[in-house]
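Protein chains in written order, with my numbering: chain A, -4 to 243; chain B, 8 to 318; chain C, 29 to 863.
Just so you know, even glycine gets a beta-carbon here, dropped at the ideal spot from N, CA and C.
Structure, as structure tokens:
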Amino acid sequence: MAERMGFFTDTTLCIGCKACEVACKEWNDVPDDGFVFRATSYDNTGALGADTWRHVAFIEQDSRWLMSSDVCKHCTHAACLDVCPTGALFRTEFDTVVVQSDVCNGCGYCVPACPYGVIDRRERDGRAWKCTMCYDRLRGGLEPACAKACPTKSIQFGPLEELRVRAEERVERLHAEGMTEARLYGEDPDNGVGGAGAFFLLLDEPETYGLPPDPVVTTRDLGEMWRWAGVAAFGLAGALAACFLRRS
Amino acid sequence: MPRRRDEMVPDAEFRSYYGQPVIKPPIWHEPHMPTYLYLGGLSGAASTMAAVARLSGDRRLEFSSRLIAFAGGTAGAAFLVAELGRPERFLNMLRVFKTSSPMSVGSWTLAAQGGLTAVGAASAVTGVLPLVGDAASLASGVTGTLMATYTAVLLADTAVPIWHEGRRELPFLFAGSAMASAGGMAMLTTPRAQAGPARAATVLGAAVETAAGAIMERRLGMLSEPYHSGKAGRLMRASRVLTAGGGLLAAVAGRSRALTALSGLAVTAGALCTRFAVLEAGRVSAVDPKYTVVPQRERLDAGRPASVPGR
Amino acid sequence: MAECHPVGYQWVMEARERGAKVFHIDPRFSRTSATVDRYLQIRAGTDIVLIGALINHVLTNGLDFREYVLAYTNAATIVSEEFRDTEDLDGLFSGYDPESGRYDTTSWAYEGDTGKTEEMSEGDPRHAEAAGSDSYGARGAGSTATPPTDPTLSHPRCVYQILKRHFSRYTPERVAELCGISPEQFAELAEAVTANSGRERTTAWVYSVGWTQHSVGVQYIRSAAILQLLLGNMGRPGGGIMALRGHASIQGSTDIPTLFNLLPGYIAMPHAHRHDGLDHYLDREGGDTGWWGNRRAYVVSLLKAWWGDGATEENDYRFDYLPRLTGDHGHYATVMGQIDGKVKGYFVVGENPAVGSANGKAQRLGLANLDWLVVRDLMVVETASFWKDAPEIETGELRTEDIATEVFFMPAASHVEKEGTFTNTQRLLQWREKALDPPDDCRSDLWFYYHLGKLIRQRLGGDGIDRPVMELTWDYPEEGRHRDPSAEAVLREIGGVDADGRPLASLRELKPDGSTSCGCWIYCGVYADGVNQAARRKPRGEQGPVAPEWGWAWPANRRILYNRASADPEGRPWSERKKYVYWDAEKGRWTGPDVPDFEEDKPPSYRPPEGAKAQDALAGTDPFIMQSDGKGWLYVPSGLADGPLPAHYEPQESPIRNTLYGRQSNPARRTIDRPENPYNPPLSSRFPYVFTTSRLTEHHTAGGMSRPLPYLAELQPALFCEVSPELAAEVGLENGGWATVVTERTAIEMRVLVTGRVRPLRLGGTTVHQIVMPYHWGYGGGGLVTGDVVNDLSPIVLDPNVYIQESKAGTCDILPGRRPRGQALLALIERYRHG
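In structure tokens:
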């Protein structure tokens, strides 16, 4: 396996130009997501979904306007991949998570499984879609389209370990400059998804950006679920048996 | 992850992105998915009932149960296939077997259940290969227990707070509901004299379902709100009334054919309402960012961030 | 800048990362405001008050870079005693004629300068009509190389003292009262600008159409020029004033102009009544000192490029073949000519005036009154489809069956489907290759004009009137299956060749004797050594930060203009930190990482002999080599139509009284008083709100290139206005709902974005609400998203120097809900007109 690759999105450098959204769609041939004026600042895309793999959030606060380009987190423990019944989702040699659209049968199970609300089913073709971190470009030795298009290096692509080091340094520097609200989001390998392959430098609580503050991969608790289900299954058999026994 | 929330969070103040959902709601359609959940449960419990009836010698009840198990499984599979975005790729479900995917486990279970109940039903109806039919029916008694409960894992194994946090009780809710459904349906299709165990199953199932639901809602705390309000709340209340009423009726129906029929229909309707209520509550729970953000924020504020031990 | 130039903005972000302090001054809190150190919200149309106060701050506190100012600007120059300032005349300069609304600029001259201003001393209206100022500013018309000076700066009529008096009323209090910027905010800005100027540091200003599209637009830029000269920020690295252009290669289209009053290289277009022949024209158009003193070489080389061997000394190099001006042939004059039936045909190329120009209704009424119209664009833009879907069809003002205009739509090739150059705001020419052939009938503009020219020549005869066209050199090699003329051959012609056809290396090689030809003198050398210099792509990692081998900058590949000023008068760098171009005494040359914008071997000690001409008339200490005196002009003795110094005038439409002077608006502004172009009365309670138009990153100008693209249209699908929560509450507007904005021209509807980014301005006792509207929408244009036309709201009122419209500051009313349809819309406007 090649080195684990990832995104570090530094929102302090984001100028909200949405070049990432457009470049992503151009490269990956993602259809438009509808023409709806949402009246949510300059965001008319709303959220990540089957037809939006990069999404720039605009948050208007008292004296500042936060902008942040969201993307699939390519989790270490990826719920979408775990729960996919067909094997359409797989982990690549870059340790990213990708849907094989020729395998996906559109069961939609990955959709509510994702703790970040990233993957979604495209009703037009009945398949699940999300960011591939431009798997094809990566295989060709190129960086993902969004990172390539980002004019201000807000989206940085590279080996995840390097990005983590760079991000730590960046936060330290920002703190030293008085931006004590700067914090990393998703980079911690000990978090509920085992560390995100795409992590962020934020200036406010994650939920402000529409991100879950403390996401957890649902399959972490799968063993527990099966245990309870097993008890219930045995219970069902036992209870039914009892129904027959009682009579005799 | 806290096992128990110590107190309700009254109208918690929380921040979100224009009130938009953090996670995606389940995209499963109505009536497909809830009907499948019902039918799967029905089929599962019925096949287990058939197996037990075979062992206890209740041949008439066994006969009904085998047919119910087969009909429920087949109709359920049809609904499930229709639910897929690409139904023509249904067989991709059997491309791999993944224990990490309840959907995969469920698909294999459904496949086995469908095959076994088909053989069992065919043999019962035609009288051909009775030994094979019996063996298949007995085997489906085992897959049936899984059939009736795996759907609880299917829902719980998502990021939907009301499902994921209800993971302990959901199997009992569904098992009880399945048992009541199978009992009710068997009551309706079996001569009264031979339907005693089915009545008992209806009563017991309804009791388990009602108890599991109550316990779950209590333990969910603030997360259970969708079970109390809106469409899901109405469905849940209806389910309560129908299930409890149907169960009680089954207990007291005695010789009344009409009351028996009413009881069977009531628990069936109750079981359906339960499935619709759970799915709708899941949607609401996913769409309102409060249910995602508040518990997670509490976790962080309490200094107990989530982690994934041992993985 | 982040909004409209996100790619260029990366360098601002990088500068910030390296410690630069960035201010953003704008009526609108944009993506730029979100990413700078300090945002100052300003009332639209008041920037001269702010910059004037900065100038006053510098002058009263003695913060100017005195050595630079003394040596390199005209601060010490003494002005004619005829001159009267706005201080003396309550907002007017001397020479104003209230009848014509124009200035006779004679009295603005330097002392003792009679020069060649006799024509203008008659107040010749034709001069202003032909927008002569566009080219005069740089050519220093009528001025001399050595006007009288007072190096002590104490003479009451020296420029420095005039400046001091003129700007003394521009105080922080006035800034608060007119701009809405508090004294504290102003102090922070003033401190930052002055602290970051001088020997060790420089400050740069960046502006775009927010500064130009005003009835005082040119003077906005002038005020910044004064400030930058006083602080020593011109001709030095990290300094300057950067004009961000509105499209790719708009700079190119002023260099080789699509403007009616200019020939390539900012050479004035000859006038039918003022110029008899080449000598007469050259004699009148500009001074003999400074680089414009070489203009005969430039003009003759241009004529040689156009008429080749047929252009000889005997026939004045075919100077008489050039078209002549008779007055104002600018865009808005042309539109009025259309409405009046005087203009019959119209070429619209890559523009969409029905959406993009002020007073859209007047634009469309003009279009509807043509005999023929040619539109070349990527899409059938509104200008081409107006006859069926213009708003005037809906109101009944126009009827399709009555419109006789024959519309020819010519599909155009996109920038990836043709080769050629872009010239960016840094004057950098960058060649781009053709990636693929254009589809179907789409063709490049070069193809279009070349083949159109060929077809026209086939149809013309040998009449004398046809000869200018028949004798044009029109012989470019044709390439490919569409027989595209070779763009490289055109660039080669532009870059200039000698008599033997060898490419010229530099504009110094241009000759006045017809032995050289050059299509644009400032581009001379772009094909030096037979190499397409604009196609150079040496990565920045392989050369220094100035990157002289990436593309090619005019003139002569100089990356910073007037860079002689980056050294002190003796030729030494002002500081090690800001070292750039300096004098190497040993080698006897100017040197540094850039090409010196100076004669390379002219020593700092050079002093011009009596009677010297052109560059020889400038001293070794005169960096501003295009000016007749080699100085940076704090005060402009000639060339401007509305004053030698900037003065604040309110926009034509303003809810606020001008408290600086007794004159409300620019006395020399150009108004068009016609029924098609009514103005909101100033200070009108019917139109209490200020509106300004804007752009969004997601769209391109009038939308013809972005609304048809799903990936862009979905990002900003609807026209909207940005209003403050306070205004929303006052008027009853709902976020996400609809609003109707009304002016005397028309009313349009849009969605509402209520945002705290827009704040009501407290000006003294009054509160002013500003409404911001991006103007990218139109009624058709092949757009996936459509909307009303914001420019339909804007009046036509023009800056008197360059005839640009005032679309960045107007007044309006705003109502909740959608606008009335059809006749009811006209009725609404009627009600507003009659109060």
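Within-8 Å CB hit, residue i to chain C
i      : result
A/M62  : yes
A/L179 : no
A/D28  : yes
A/F32  : yes
A/G189 : no
DSSP-derived helix/strand/coil call for residue i
i      : result
A/T91  : coil
C/M733 : coil
B/S236 : coil
C/A103 : coil
C/P34  : helix
B/D308 : helix
A/I150 : strand
C/D473 : helix
A/R116 : strand
C/D657 : coil
B/R199 : helix
Supposed contact pair residue j and residue i - C-beta distance, whole angstroms, cut 8 Å
i      : j      : result
C/I367 : C/E772 : Not really, about 17 Å apart at Cβ, beyond 8 Å.
A/C9   : A/R49  : A/C9 to A/R49, Cβ: 11 Å. No contact.
B/G151 : B/A76  : 7 Å
C/H194 : C/L673 : 5 Å
B/T217 : A/A228 : Their Cβ separation, rounded to whole angstroms, is 19 Å, which puts B/T217 and A/A228 out of contact at 8 Å.
C-alpha distance - residue i paired with residue j, whole-angstrom precision
i      : j      : result
B/Q120 : B/A52  : 11 Å
B/A85  : B/G47  : 11 Å
A/D115 : B/R304 : 25 Å
C/D557 : C/V328 : 22 Å
B/L49  : B/A278 : 9 Å
C/Y610 : A/C129 : 49 Å
A/W60  : C/A62  : 5 Å
B/V139 : A/D24  : 53 Å
A/V263 : A/F85  : The question about residue 263 of chain A has no answer, for chain A in this structure spans -4 to 243.
C/E858 : C/E115 : 41 Å
C/S135 : C/V187 : 14 Å
C/S225 : C/A232 : 9 Å
A/Y204 : A/V212 : 20 Å
A/L198 : C/G811 : 37 Å
C/I776 : C/P211 : 37 Å
Beta-carbon spacing of residue i, residue j below 8 Å
i      : j      : result
C/T839 : C/E726 : no
C/P710 : C/E754 : no
A/V17  : C/Y739 : yes
B/S114 : B/L123 : no
C/S277 : C/F450 : yes
C/I83  : C/L258 : yes
C/P624 : C/M407 : no
Minimum Cβ-Cβ distance from residue i to chain A less than 8 Å
i      : result
B/Y347 : No information on residue 347 of chain B is available, as it lies outside the stretch 8 to 318 that chain B covers here.
C/E726 : yes
B/K297 : no
B/P137 : no
Chain B within 8 Å of residue i, Cβ atoms only
i     : result
A/Y37 : no
C-beta neighbour in chain F for residue i, strict 8 Å
i     : result
B/V59 : Although the question refers to chain F, the structure presented lacks it and instead comprises the protein chains A, B and C.
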